[in-house]
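Q: Here it is: the structure, laid out below.
2 protein chains.
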Amino acid sequence: MSPRTGEQNAQIKDERREQILTAALKVFALRGFAATRVGDVAAEAGLSHGLVYHYFASKEEMFYELVSRAVYYSGQSLVMVDGMPIEPIEKVRQTAKYIMGGIEAGQETSYYFLVVIHAGVMESSPERDKFFQGSTVAVDTMEKILREGQRMGQVREGNPAEMSVMFFSAIMGLAVYNITMPGFRMPDPELLVSMVSK
Amino acid sequence: MSPRTGEQNAQIKDERREQILTAALKVFALRGFAATRVGDVAAEAGLSHGLVYHYFASKEEMFYELVSRAVYYSGQSLVMVDGMPIEPIEKVRQTAKYIMGGIEAGQETSYYFLVVIHAGVMESSPERDKFFQGSTVAVDTMEKILREGQRMGQVREGNPAEMSVMFFSAIMGLAVYNITMPGFRMPDPELLVSMVSK
DNA sequence: GTCTATATCCAGATAGAC
DNA sequence: GTCTATCTGGATATAGAC
Chain A
4 MSPRTGEQNA QIKDERREQI LTAALKVFAL RGFAATRVGD VAAEAGLSHG
54 LVYHYFASKE EMFYELVSRA VYYSGQSLVM VDGMPIEPIE KVRQTAKYIM
104 GGIEAGQETS YYFLVVIHAG VMESSPERDK FFQGSTVAVD TMEKILREGQ
154 RMGQVREGNP AEMSVMFFSA IMGLAVYNIT MPGFRMPDPE LLVSMVSK
Chain B
4 MSPRTGEQNA QIKDERREQI LTAALKVFAL RGFAATRVGD VAAEAGLSHG
54 LVYHYFASKE EMFYELVSRA VYYSGQSLVM VDGMPIEPIE KVRQTAKYIM
104 GGIEAGQETS YYFLVVIHAG VMESSPERDK FFQGSTVAVD TMEKILREGQ
154 RMGQVREGNP AEMSVMFFSA IMGLAVYNIT MPGFRMPDPE LLVSMVSK
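Here the protein sequences come in this chain order: A and B. If you're matching positions, the first sequence starts at 4 in this note's numbering and goes up one per residue. If you're matching positions, the second sequence starts at 4 in this note's numbering and goes up one per residue.
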C-alpha cells in the first residue's frame, strides 16, 4: 500500500468513528446507557450493527468516550469564559446564558449534559467513578470566579464552592426538565445570576 | 375459608406488596429502570424472583407505581407546607430545608426524586408521558407561594412560574450530584431561598 | 472497510410443585 | 403464598463473506 492510501484510510476511519460517536451521543442522551441497544446507534448512524464493533470494543467503551469528552468540554468552556476580559459576575452571566441556550436548543450541549447525568445516576463502578474524579474543573473554575466576584463586591457572601455546586445543580436539573417535559420553556438565565449576585 | 383467614391473607398480601415496593424503590433509584433486573429487586426484598410476578404484572408496572407515588407525595408535601400558618418566604425556606435534608440523608426522599429523574430521562412513551401530565402540583403550588410572596414584598420580581421551575431544577440536580459524587456535601439551603428572596 | 449471519448469554415472564 | 425450574425473546459480541 502506498502512504497515500494509508492516510486516506486513516481519515475514513476517523470520520466513521466520529460519525458513530455523534449518533451514539444522541441515542445515549435520550435513552441512557442500559436502554440503548448498539443496533440503535448503528441505525442512527446509518451503518450496520456489526461495524460499530469494528470501531469500538464494546458499548461501554463507546459510552465512556462520550462521558470523557463531556467532562473535558465542560471544563474547557469554563476555563475559556474565565479567560475573558470581563468582570466576574459577567462571567457567571455568560456561562448561564451560554449553557441554558444550548440546552434549550436541544443540541450537543444538551446531549452532553444528559450523558453525564446518565453516567452519574448509573450504578457505581470503578469504570464510572474514574470519570467523576477528574470532573471538577468546571465546578472549581466557577468557584474561583465567584471568589473573585466576592472580593470585588459583586457576589453575595457565602461559601463559593457551595454556590458553584448549586449553580451546576440547577443547570443539570434544567437539562432533565427540558427532556422530561415536552414543550418546556427555559427560565430566564438571569435567575441563576441573581442566585449568586449581590 | 373463614372471613378471618381472608382478612389475614389480604393483609399479608398488602405487606408483601409494600415490601417489594420498598426494595424496588431503592434499586430503581440507584440503577434506573433498564439496568434493574427483577431478580435484583427480589434479592433486595429477600424473596424469590418468581414471587414478584405474583404481585406485579411486569417490571414496568412496578416502576410506574413508584413514579406515581413519587409524584403524588411531592405534590402533597408542597400542599401541606402551603397550608402552614407562616409567611410565604418561610414556606420556601421550609421546603428547601426539608427536601435537601431528605436527599442528604439518602433515604426515601432521595430515592423518590431519583426515580422521577430516571423516569424523566427515559425514552418517551405513552406510559411515561401520562405520569408527567399530572405531575405539576408541586411546581404549581410553589408558583402560588412565590406569587403571594411577591405581593407581600418578600420575593423578588420576575416570573414566579420560572422561579418555581428553577427551584425544583436545582433540587433535582442536587439529587443527581448527591448520588454521583461519593462524599458529596449538601450546600446551605439558604442559597436556594436567596435565589427567590428580595 | 462494510455487511450478514450466527453464537452465546442473560433477563423477563410463566408453569407447576409444595 | 412461596419457591424452583423453565421457556423464550432479544441484545452483545463475533465470524466470515464480499
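A virtual CB, placed ideally from N, CA and C, is assigned to each residue, including glycine. Note that this is a predicted model, so its numbers are computed, not measured.
What does DSSP give as the partner residue(s) for S200(A) in the beta ladder?
A: Answer is V158(A).
Q: State the CB to CB distance for the pair V118(A) and V70(A), rounded to an integer number of angstroms; the pair is presumed to be in contact (CB under 8 Å).
A: Confirmed, about 6 Å.
Q: Using the beta-carbon of each residue, which ones in chain B are nearer than 9 Å to H121(A)?
A: Per Cβ cutoff of 9 Å: G35 and V124.
Q: Tell me the DSSP secondary structure of D132(A) in three-state form.
A: If DSSP states are grouped into helix, strand and coil, D132(A) belongs with the helices.
Q: Can at least three beta-carbon pairs, one atom from the stretch 168–183 of chain B and one from the stretch 151–161 of chain A, be found at a separation below 8 Å?
A: Taking 8 Å as the limit for Cβ pairs, the verdict is that the stretch 151–161 of chain A does not touch the stretch 168–183 of chain B.
Q: Going along the stretch 145–159 of chain A in order, which residues come within less than 8 Å of chain B, judged by CB to CB distance?
A: Against chain B - using a Cβ distance shorter than 8 Å - the residues of the stretch 145–159 of chain A are R159.
Q: Name the chain B residues whose beta carbon is nearer than 8 Å to that of D191(A)?
A: Going along chain B in sequence order, the residues near D191(A) (Cβ under 8 Å) are G161, N162 and E165.
Q: Report yes or no: is there a C-beta of chain A within less than 7 Å of the C-beta of Y180(B)?
A: Interface residue, yes.
Q: In the stretch 86–99 of chain B, which residues sit with their C-beta less than 7 Å from some C-beta in chain A, listed in chain order?
A: Hits within the stretch: zero.
Q: Buried or exposed for M198(A), going by 16 or more other Cβ atoms inside 10 Å?
A: Its Cβ being crowded by 16 or more others within 10 Å, M198(A) is buried.
Q: Quick one: give me the first and last residue of the alpha helix (DSSP H) that G109(B) is part of.
A: Note, G109(B): premise wrong, no alpha helix (DSSP H); not H, not E.
Q: Assuming P88(B) contacts Q157(B) (C-beta within less than 8 Å), just tell me the rounded distance between them.
A: In fact, because the Cβ distance is near 15 Å, the residues do not count as touching under 8 Å.
Q: Taking C-beta to C-beta, are A173(A) and G176(B) nearer than 7 Å?
A: Closer than 7 Å, so yes.
Q: If we count the other Cβ atoms within 10 Å of its Cβ and call it buried at 16 or more, is N12(B) buried or exposed?
A: By the 10 Å Cβ count, N12(B) comes out exposed.
Q: Report the option in H121(A), Y180(A) and E151(A) whose CA atom is closest to the CA atom of L28(A).
A: If we check each option's Cα against that of L28(A), H121(A) comes out closest.
Q: If the cut-off is 7 Å on Cβ atoms, which residues from the stretch 38–56 of chain A count as contacting chain B, listed in chain order?
A: Residues passing the 7 Å Cβ filter: A38.
Q: Compute the distance between the beta-carbons of M189(B) and M103(B), then report whether it is under 7 Å.
A: Their beta carbons are under 7 Å apart, which means M189(B) touches M103(B) by this criterion.
Q: Assign A26(B) to buried or exposed, taking buried as 16 or more other Cβ atoms, counted over all protein chains shown, within 10 Å of its Cβ.
A: Counting Cβ neighbours within 10 Å, A26(B) comes out buried, since at least 16 surround it.
Q: Use the C-beta contact count for M65(A): other C-beta atoms within 10 angstroms, 16 or more gives buried, fewer gives exposed.
A: Buried, since its Cβ has 16 or more Cβ neighbours within 10 Å.
Q: Please identify the residue among S200(A), Q110(A), Q136(A) and D191(A) whose C-alpha is closest to the C-alpha of R154(A).
A: When only C-alpha atoms are compared, the closest one is S200(A).
Q: With DSSP as the reference, label R19(A) as helix, strand or coil.
A: Here R19(A) sits in helix by DSSP.
Q: Do G123(B) and V179(A) have their CB atoms nearer than 7 Å?
A: Cβ atoms of G123(B) and V179(A): closer than 7 Å.
Q: Using beta carbons (cut-off 7 Å, strictly below), is S61(B) in contact with chain A?
A: Closer than 7 Å: no.
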